[in-house]
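Since the structure comes first, as structure tokens, the remarks are kept for the end.
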Amino acid sequence: AQSVTQLDSHVSVSEGTPVLLRCNYSSSYSPSLFWYVQHPNKGLQLLLKYTSAATLVKGINGFEAEFKKSETSFHLTKPSAHMSDAAEYFCVVTSNSGYSTLTFGKGTMLLVSP
Amino acid sequence: EAQVTQNPRYLITVTGKKLTVTCSQNMNHEYMSWYRQDPGLGLRQIYYSMNVEVTDKGDVPEGYKVSRKEKRNFPLILESPSPNQTSLYFCASSPDSLGPYNSPLHFGNGTRLTVT
Chain H
5 AQSVTQLDSH VSVSEGTPVL LRCNYSSSYS PSLFWYVQHP NKGLQLLLKY TSAATLVKGI
65 NGFEAEFKKS ETSFHLTKPS AHMSDAAEYF CVVTSNSGYS TLTFGKGTML LVSP
Chain W
45 EAQVTQNPRY LITVTGKKLT VTCSQNMNHE YMSWYRQDPG LGLRQIYYSM NVEVTDKGDV
105 PEGYKVSRKE KRNFPLILES PSPNQTSLYF CASSPDSLGP YNSPLHFGNG TRLTVT
């Protein structure tokens with residue numbers, strides 16, 4: 005069984021300040037973890053993924069995430085928010101249990117103010 | 045351009061009237077999947093397919109059917125839609141037949157369905 009918890013439904017930041025979106029997961033098997041972003045009226049787009057290689061993963065648009073097994077966390081960060089980062093972000097877990105399914109978090113809406 | 049195409053983008057229908065939402069990908073991907081997105085619930089998987097003629101239930105399959113007769117197409121069928129199936133639906137594909145463990149999903153732009 006696997007699950008993912010996004011700890012904040014909404015996060016508000018000012019442009020130019022750091023972004024932190026928190027995600028905790030549980031998985032009975034070796035997990036793969038992803039962050040996807042969804043802009044209004046669009047499908048989801050992959051930001052970055054962790055698949056048991058380096059624990060610090062760099063993605064597109066300056067985002068990165070660190071896999072911490074001891075804390076079962078995969079938090080998403082960005083040093084400096086841009087207005088275009090305003091969107092909904094989903095943390096996603098899958099596993100090599102043989103099942104081809106993903107489990108999505110409920111999403112975190114990132115609001116960026118000027 | 046590599047893409048996943050869903051049609052229609054918007055659909056309003058009445059309870060009990062059968063409908064099909066089409067999904068097509070031009071990337072020769074093995075894996076395809078349908079999700080529904082509801083406020084506060086994130087995305088939930090309806091059905092997935094690891095290859096032609098191979099489909100399996102996701103987390104919320106009740107009231108839906110799928111078929112995978114060709115690699116590129118994966119239609120979602122609602123035989124008798126009900127108001128609780130009002131939602132935003134996404135089709136997605138992945139090159140890996142085992143699904144998205146190593147390879148990311150490519151999403152369509154969504155179909156907003158309203159059942160009255």
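If you read the sequences in order, they're chains H and W.
Be aware that the first sequence starts at 5, since it is given in my numbering, and climbs by one per residue.
Be aware that the second sequence starts at 45, since it is given in my numbering, and climbs by one per residue.
Idealized CB from N, CA, C, for every residue including glycine.
Query: Of all Cβ atoms in chain W, is any one closer than 7 angstroms to the Cβ of residue 111/H?; Result: yes
Query: Assuming contact is defined by CB atoms lying nearer than 7 angstroms, are residue 76/W and residue 46/W in contact in what I supplied?; Result: no
Query: When Cβ atoms are compared, which residues of the segment 41-62 of chain H fall closer than 8 angstroms to chain W?; Result: 45, 46, 47, 48, 49, 50, 53, 55
Query: At the level of alpha carbons, what is the spacing between residue 42/H and residue 116/H?; Result: 15 angstroms
Query: Below 8 angstroms on the Cβ atoms is my contact criterion, and I expect residue 132/W with residue 65/W to pass it. Report the Cβ-Cβ distance as a whole number of Å.; Result: Contact flag wrong, Cβ pair sits at about 11 angstroms.
Query: My output table needs one value for residue 45/H: the three-state DSSP class, helix, strand or coil.; Result: coil
Query: Counting pairs of Cβ atoms below 8 angstroms between the segment 54-69 of chain W and the segment 101-108 of chain W, do you hit three or more?; Result: no
Query: Please report the Cβ distance between residue 123/W and residue 109/W, rounded to the nearest whole angstrom; I am assuming they are in contact, meaning their Cβ atoms lie under 8 angstroms.; Result: 6 angstroms
Query: For a contact meaning CB atoms closer than 8 angstroms, what does residue 38/H contact in chain W?; Result: 144, 148
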